[in-house]
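Peer 1: Below is the structure I would like to discuss, written out as structure tokens.
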Amino acid sequence: MPLLDSITALEGKFSLLGKHEFRGETTLTVQREDIAAICRFCKESLGFDYLIDITSVDNFGEEPRFEIVYELSSIATNEHLRLKLSVSEDEPAVASVTGIWPTANWHEREIFDMMGIGFTGHPDLRRILMWEGYPYFPLRKDFPLAGKPSDVPEVAFTKAAPLEGGPFVTLPTTATTKDREPRARRIED
Amino acid sequence: MPEAHAAYDSKVEGNVIFTRVDAAINWMRKNSLWPMPMGLACCAIELMAAGASRFDIARFGAEVMRFSPRQSDVMIVAGTVTYKMALAVKRIWDQMPEPKWCIAMGACASSGGMYRSYAVLQGIDQLLPVDVYISGCPPRPEALLEGLMKLQRKIDGEQALSEQKRVLIEAFS
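For the protein sequence lines, the chains are A and B, in the order given.
Oh and the first sequence: position 184 is 184 in our numbering, straight run, nothing missing.
Oh and the second sequence: position 100 is 100 in our numbering, straight run, nothing missing.
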């Protein structure tokens, strides 16, 4: 089904919060409660048989704080559709889409591990990169780059890394490489 | 103490050498260093290259990569040690029998390298004693061989008997 028809079908069936198009890519903002039904409809009726990725965004300081982004694709028609939804910090939970695309299993575990957003109905919601018992969610914006000390006896420990005034960032400039090179810079610099 | 003495015997002439026990032990140890290849990242590719024919770590007696820590003499920590892996590396080190040595190969194993982050141990020397650090990201195989030769020189200077067999020496003196 052409992408425009797919979007029309989605708009007719669900109440969408927004539609955004940029360089031929369409992003639909959907309601959090609808995501499982929308995904099932996309897969079974619109032919989006391939879930490329699920990612999460931390808009720290805004409310709702988190966004989850689903990248859908169709192998047959090579069409791409992006779904976005917002999750508040007070109730960080979304319905799992593991039953629709099995590949969502590890993607959702990664978001759970790194951002601390739960997925209801997930068959095996454990941390995937960090270990059980690690007390933080490292990709949240309020988590320092250097990390925080922690200790799970016999499993793993962490220490804060010495940043020596960093993090070290480059400057986008046409000046010499000396001006561009990675240095410890404050945001106001 | 009896005077060191070897009777002249034409049957064994040329088959007898005199040396110190320390020197003999050190010579045997440094020329048969069996590595425990702790390959954790891209340094392990260079470690494999050092083991292959072009660079040929066998020239220094260290070609016998043992994947059992109980048969190893030198742990070559080649790569990024994440906190998730750190205690496993430590456990494998603890399973290696004495005498044992450790080479921290590359920037990550030496200091955490470019990973100043929540997930990476900032140098394996926080968990176990390192004998030789090798710079590079990753180091070339020649650099690993140079590190190995540095370790050989270090072993050559050890008081193998008096440091590690103190009980034996006290019993027989």
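By construction, the Cβ of each residue, glycine as well, lies at the ideal position given by its N, Cα and C atoms.
Remember, it's a predicted structure, so these values are computed and weren't measured experimentally.
Given residue 149 of chain A, which residues of its chain have a CB within under 7 Å of its CB, disregarding the five upstream and five downstream residues?
Peer 2: Within the first sequence, residue 149 of chain A is the residue found at index 149, counting from 1. The residues are 158, 159 and 160.
Peer 1: Starting from the Cα of residue 110 of chain B, find the closest Cα among B:157, B:132 and B:94 and give me that residue.
Peer 2: For the purposes of this step, residue 110 of chain B is taken as the residue at position 110 of the second sequence. Closest option to residue 110 of chain B, Cα to Cα, is B:132.
Peer 1: Measure the CB-CB distance between residue 182 of chain B and residue 65 of chain B and report whether it falls below 8 Å.
Peer 2: Residue 182 of chain B lies beyond the range of chain B shown here (1 to 173); nothing can be said about it.
Peer 1: Quick one: is the Cβ of residue 98 of chain A within less than 7 Å of any heavy atom of the ligand MN?
Peer 2: With respect to the ligand MN, the structure offers nothing, as it holds no ligand at all.
Peer 1: Please go through the segment 1-61 of chain B and give each complete alpha helix (DSSP H) segment of 4 or more residues, from N-terminal end onward.
Peer 2: Listed in chain order, the complete alpha helix (DSSP H) runs (minimum 4 residues) inside the segment 1-61 of chain B are 21-30 and 43-51.
Peer 1: For residue 155 of chain B versus residue 30 of chain B, is the C-beta distance shorter than 8 Å?
Peer 2: As a first step, residue 155 of chain B must be located in the second sequence, where it is residue number 155. As a first step, residue 30 of chain B must be located in the second sequence, where it is residue number 30. Yes, the Cβ-Cβ distance between residue 155 of chain B and residue 30 of chain B is below 8 Å.
Peer 1: Under 7 Å between beta-carbons, which chain B residues line up against residue 131 of chain A? List them in chain order, please.
Peer 2: The residue labelled residue 131 of chain A in the question sits at position 131 within the first sequence. Here the neighbours are 84.
Peer 1: Count the other C-beta atoms from every protein chain shown that fall within 10 angstroms of the C-beta of residue 112 of chain A, then say buried if there are 16 or more, exposed otherwise.
Peer 2: The count along the first sequence starts at 1 and reaches residue 112 of chain A at position 112. Flag for residue 112 of chain A reads buried.
Peer 1: Assign residue 169 of chain B to buried or exposed, taking buried as 16 or more other Cβ atoms, counted over all protein chains shown, within 10 Å of its Cβ.
Peer 2: Indexing the second sequence from 1 puts residue 169 of chain B at position 169. The residue in question, residue 169 of chain B, is exposed, as its Cβ has fewer than 16 Cβ neighbours within 10 Å.
Peer 1: Less than 8 Å between the CB atoms is what I'm expecting for residue 86 of chain B and residue 40 of chain B, so what's the real figure, rounded?
Peer 2: Counted from its first residue, the second sequence places residue 86 of chain B at position 86. Counted from its first residue, the second sequence places residue 40 of chain B at position 40. Actually they are not in contact, since the Cβ atoms of residue 86 of chain B and residue 40 of chain B sit about 10 Å apart, beyond 8 Å.
Peer 1: Quick one: which unbroken alpha helix (DSSP H) runs of 4-plus residues sit fully inside the segment 53-138 of chain A? Chain order, please.
Peer 2: Entirely contained in the segment 53-138 of chain A, the alpha helix (DSSP H) runs reaching 4 residues are, in chain order, 104-115.
Peer 1: Under 8 Å Cβ-Cβ, which residues of chain B neighbour residue 146 of chain A?
Peer 2: Within the first sequence, the letter at position 146 stands for residue 146 of chain A. Here the neighbours are 116, 117 and 118.
Peer 1: Closer than 8 Å is the cut-off here; do at least three beta carbon pairs connect the segment 14-30 of chain B with the segment 105-121 of chain B?
Peer 2: Segments in contact, no.
Peer 1: Counting only beta-carbon atoms, is residue 184 of chain A nearer than 8 Å to chain B?
Peer 2: On the first sequence, residue 184 of chain A is found 184 positions in, with the first residue counted as 1. Not one chain B Cβ lies under 8 Å of residue 184 of chain A.
Peer 1: Any chance you could list the alpha helix (DSSP H) runs of at least 4 consecutive residues sitting entirely within the segment 108-146 of chain B, in chain order?
Peer 2: Counting whole runs of 4 or more residues, the segment 108-146 of chain B contains no alpha helix (DSSP H) stretch at all.
Peer 1: Anything in chain B within Cβ reach of residue 162 of chain A, meaning under 8 Å, just list it in chain order.
Peer 2: Sequence index remark: in the first sequence, residue 162 of chain A carries index 162 (1-based). Result: 116 and 122.
Peer 1: Find the residues of chain C that neighbour residue 158 of chain A, judging by a C-beta separation of less than 7 Å, and give them in chain order.
Peer 2: Among the chains of the structure shown, chain C does not appear; the protein chains present are A and B.
Peer 1: Could you give the uninterrupted runs of the alpha helix (DSSP H) lying entirely in the segment 57-106 of chain B, keeping only those of 4 residues or more?
Peer 2: Fully enclosed alpha helix (DSSP H) runs of 4 or longer: 83-95.
Peer 1: Please report how far the alpha carbon of residue 1 of chain B lies from the alpha carbon of residue 27 of chain B, in whole angstroms.
Peer 2: Position 1 of the second sequence, counting from 1, holds the residue named residue 1 of chain B. Position 27 of the second sequence, counting from 1, holds the residue named residue 27 of chain B. Residue confidence for residue 1 of chain B is low, a pLDDT of 46 falling below 50, so the modelled location carries little weight; the figure read from the coordinates is stated next. In a straight line, the C-alpha of residue 1 of chain B is about 26 Å away from that of residue 27 of chain B.
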